[in-house]
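J.: First the structure, which I've put down as structure tokens, then a few questions once you've had a look.
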Amino acid sequence: PASARGRRMQCARPLQLLQAAAAAESSDATSSTSRRQLSDRVSKLPCPKSFVEPHGRILATEVCNTPEFKYLRRCELAGLVPCQSAWRRFGGGLGIVDVRNRSLNDAGLSAVVETAVQCAADGHPLKVLNLSGNSLTDAGLSHLAGVLADQPSACAGVGWLSLAGNGQLKLRSKAVLEEFVRALNTLPTLASLDLSGVVMQGRAASGLASALGSGCCPQLRNLSLAGCGLGRTDQRDCAAVAALLQGWGGKDAGEQTSSGQLESADFSGNFFGQAGFAAAAAALRHTKLRSLSFAGNSGGRYLASDVGHQQVRFHPIQLLLEGLNFNSSVERLDLSSCGLGPDAAFVLGEALQTHPCMQSLMLADNPLGDAGIRCVIRLLISIKSDVSFCNICGHREA
Numbered sequence: 026p027a028s029a030r031g032r033r034m035q036c037a038r039p040l041q042l043l044q045a046a047a048a049a050e051s052s053d054a055t056s057s058t059s060r061r062q063l064s065d066r067v068s069k070l071p072c073p074k075s076f077v078e079p080h081g082r083i084l085a086t087e088v089c090n091t092p093e094f095k096y097l098r099r100c101e102l103a104g105l106v107p108c109q110s111a112w113r114r115f116g117g118g119l120g121i122v123d124v125r126n127r128s129l130n131d132a133g134l135s136a137v138v139e140t141a142v143q144c145a146a147d148g149h150p151l152k153v154l155n156l157s158g159n160s161l162t163d164a165g166l167s168h169l170a171g172v173l174a175d176q177p178s179a180c181a182g183v184g185w186l187s188l189a190g191n192g193q194l195k196l197r198s199k200a201v202l203e204e205f206v207r208a209l210n211t212l213p214t215l216a217s218l219d220l221s222g223v224v225m226q227g228r229a230a231s232g233l234a235s236a237l238g239s240g241c242c243p244q245l246r247n248l249s250l251a252g253c254g255l256g257r258t259d260q261r262d263c264a265a266v267a268a269l270l271q272g273w274g275g276k277d278a279g280e281q282t283s284s285g286q287l288e289s290a291d292f293s294g295n296f297f298g299q300a301g302f303a304a305a306a307a308a309l310r311h312t313k314l315r316s317l318s319f320a321g322n323s324g325g326r327y328l329a330s331d332v333g334h335q336q337v338r339f340h341p342i343q344l345l346l347e348g349l350n351f352n353s354s355v356e357r358l359d360l361s362s363c364g365l366g367p368d369a370a371f372v373l374g375e376a377l378q379t380h381p382c383m384q385s386l387m388l389a390d391n392p393l394g395d396a397g398i399r400c401v402i403r404l405l406i407s408i409k410s411d412v413s414f415c416n417i418c419g420h421r422e423a
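FYI, in our numbering the residues of the sequence shown are 26 to 423.
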């Protein structure tokens, strides 16, 4: 009957409900386990770093302390066109200020150096000052030297200074030279000094040589005075500069026991003669020099010497070559375009026969002739050191 069927349906409904509830709980447990496993897998995946808005990373106070901001502010106040490339390698502990070949005048270079010194005083390292190829004058050098000398602690880490190519520098005034020497005295770690192309004659050459010889830069290892006009009017300039090759310091039992020694010297493009080459030869006896360049020094007059009843003429560079016979440290020698003839090649071969360290010989653009070439080849065959490079390109007849 219908009443009995209704009662059976009423009894079956709670059972279905219980089964459905049990199935739902089982499904929830399975899904939660799956979600947990999926979450664990996702957490192990590499995720990119959270993005930080640029304006939220740098504060306004930090911007004001950057070298670029200080430099631009100084240029704005002075009405100068800034050279922003100067600071490309200044940060990150590099400390390099590079404004070479920017045609900057005294005011432009002053803005760069003043900013660099200010930043160094604030804690930024300052290691390199490259001011080459600009239009610095004596007045500008005097001002820059005063800036460096007035902040000795900030400039104590400068190890490389270049004023090369500033053709308007003359160092004629005694006050300018003294100010420059005073600045060098505040650079105890200076290892490289490049003054190539800066005309130095008379007082300038002797004064600078005297200051360096007295140990104002005790860590100086590389010196470049190429194209400075040394010896054009007086060979005493060459002799004073050549004396630096033996270093500086005290003496012990007649021998030079220098606290400072050059490792590289470039005197190319000058006018070394008898006195200059003789002084260089004497200095080679007590030196630790590894690289020496006299390229382009062909302006010296031939000297006359009485041998028997005849007068023999010889190139003054032969005095330097004979000095190599008492040297054991030079590894690279550049005598390109020095007017070396067969006689000079013979002297060079005899002087370097027993040299223990020579590795590179630059003898290009010299009138060696066939006899000179034979002397060079004989030297390369018999020399005791391992010469890996010898350049005789552009040789011609004597």
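The beta carbon of each residue, even a glycine, is placed where N, CA and C say it ideally should be.
(1) State the DSSP-derived secondary structure class of R228, mapped to helix, strand or coil.
(2) Please name the residue, chosen from V224, L215, D262, that lies closest to A234 on a Cα-to-Cα basis.
(3) In chain order, what residues of the same chain lie with their CB nearer than 7 angstroms to the CB of N130, ignoring the 5 residues before and after it?
(4) At which residue ranges does the segment 123-176 contain complete alpha helix (DSSP H) runs of 4 or more residues, listed in the order of the chain?
(5) Which stretch, first to last residue, makes up the beta strand (DSSP E) that contains L186?
(6) What do you get for G117, buried or exposed, if any count of 16 or more other CB atoms within 10 angstroms of its CB means buried?
(7) Output the distance between the C-alpha atoms of R127 and G298, rounded to the nearest integer angstrom.
(8) With a Cβ-Cβ cutoff of 9 angstroms, do T140 and R99 count as a contact?
(9) Could you confirm whether any beta carbon from chain D is found closer than 9 angstroms to the beta carbon of G171?
(10) From which residue to which residue does the alpha helix (DSSP H) around A290 run?
(11) Distance, Cα to Cα, I121 vs A304?
(12) Which whole-angstrom value describes the C-beta separation of S249 and D291, a residue pair presumed to lie in contact below a C-beta threshold of 8 angstroms?
(13) Using a threshold of 9 angstroms, state whether the C-beta atoms of K313 and E347 are closer than that.
(14) R425 to A229, Cα distance in whole Å?
(15) How far does the alpha helix (DSSP H) with S407 in it reach, from first residue to last?
(16) Which whole-angstrom value is the C-beta distance of P71 and H149, which I expect to be below 8 angstroms?
(17) Verify whether the separation of the beta carbon atoms of Q271 and R310 is less than 9 angstroms.
(18) Given this structure, state the Cα-to-Cα distance separating R30 from R60, to the nearest angstrom.
(19) Thinking C-beta only, is L345 closer than 9 angstroms to L388?
(20) Take S239 and list the residues in its own chain whose beta-carbon comes closer than 8 angstroms to its own, dropping the five residues that flank it on each side.
(21) Would you grab the beta carbon distance between Q244 and T214 for me? Rounded to a whole angstrom, and I think it's under 8 angstroms.
(22) Sort R113, G222, L209 by Cα distance to A158 and report the nearest one.
(23) Three-state secondary structure (DSSP) at S350?
(24) Can you check which of these residues, V124, R114, G133, K74, is closest to L102 by C-alpha distance?
(25) In the DSSP output, which residue or residues are listed as bridge partners for S318?
(26) Just reading off the alpha helix (DSSP H) that F205 is part of, what are its end residues?
(27) Should M383 and V401 be called a contact, given that it needs their Cβ atoms to be closer than 9 angstroms?
(28) Taking only the alpha-carbon atoms, compute the straight-line gap between K152 and L212 and give it to the nearest angstrom.
(29) Given a threshold of 16 other Cβ atoms within 10 Å of its Cβ, counted over all protein chains shown, does Q109 qualify as buried or as exposed?
(30) Output yes or no for whether 9 angstroms exceeds the beta carbon distance between W185 and N155.
(31) Per DSSP, what kind of secondary structure is I417 in: helix, strand or coil?
(32) What's the gap between the Cα of L166 and the Cα of L105?
(33) The alpha helix (DSSP H) with D368 in it runs from where to where?
(34) Tell me whether E397 is buried or exposed, calling it buried when 16 or more other Cβ atoms sit within 10 Å of its Cβ.
T.: With the given structure in hand:
(1) helix
(2) D262
(3) S160
(4) 131-146, 163-174
(5) 185-187
(6) exposed
(7) 35 angstroms
(8) yes
(9) The structure shown has no chain D; it contains just one protein chain.
(10) Note, A290: premise wrong, no alpha helix (DSSP H); beta strand (DSSP E) at 289-291.
(11) Between I121 and A304, the C-alpha separation is close to 36 angstroms.
(12) 4 angstroms
(13) no
(14) Only positions 26 to 423 of the chain appear in the structure, and residue 425 is not among them; the question remains open.
(15) 394-407
(16) Rounded, the Cβ-Cβ distance is 36 angstroms, inconsistent with contact.
(17) yes
(18) Interpretation of R30 is limited by its pLDDT of 48, a score under 50 that renders its predicted location unreliable; the figure taken from the coordinates is listed afterwards. When rounded, the distance between both Cα atoms is 44 angstroms.
(19) no
(20) If the five residues before and after S239 are omitted, its C-beta is found closer than 8 angstroms to the C-beta atoms of W273, all from its own chain and listed in chain order.
(21) With 8 angstroms as the limit, Q244 and T214 qualify as a contact, their Cβ atoms being about 5 angstroms apart.
(22) Correcting the residue identity first, residue 158 is Gly in this sequence and not Ala. The option with the nearest alpha carbon to G158 is G222.
(23) A small correction: the amino acid at residue 350 is Asn; Ser does not occupy that position in the sequence shown. Note: N350 maps to helix in three-state DSSP.
(24) G133
(25) D291, D359
(26) 199-209
(27) no
(28) One C-alpha to the other measures close to 10 angstroms.
(29) exposed
(30) yes
(31) Coil, per DSSP.
(32) 18 angstroms
(33) 367-376
(34) Here the sequence assigns Gly to residue 397, which means Glu is not the residue at that position. Buried.
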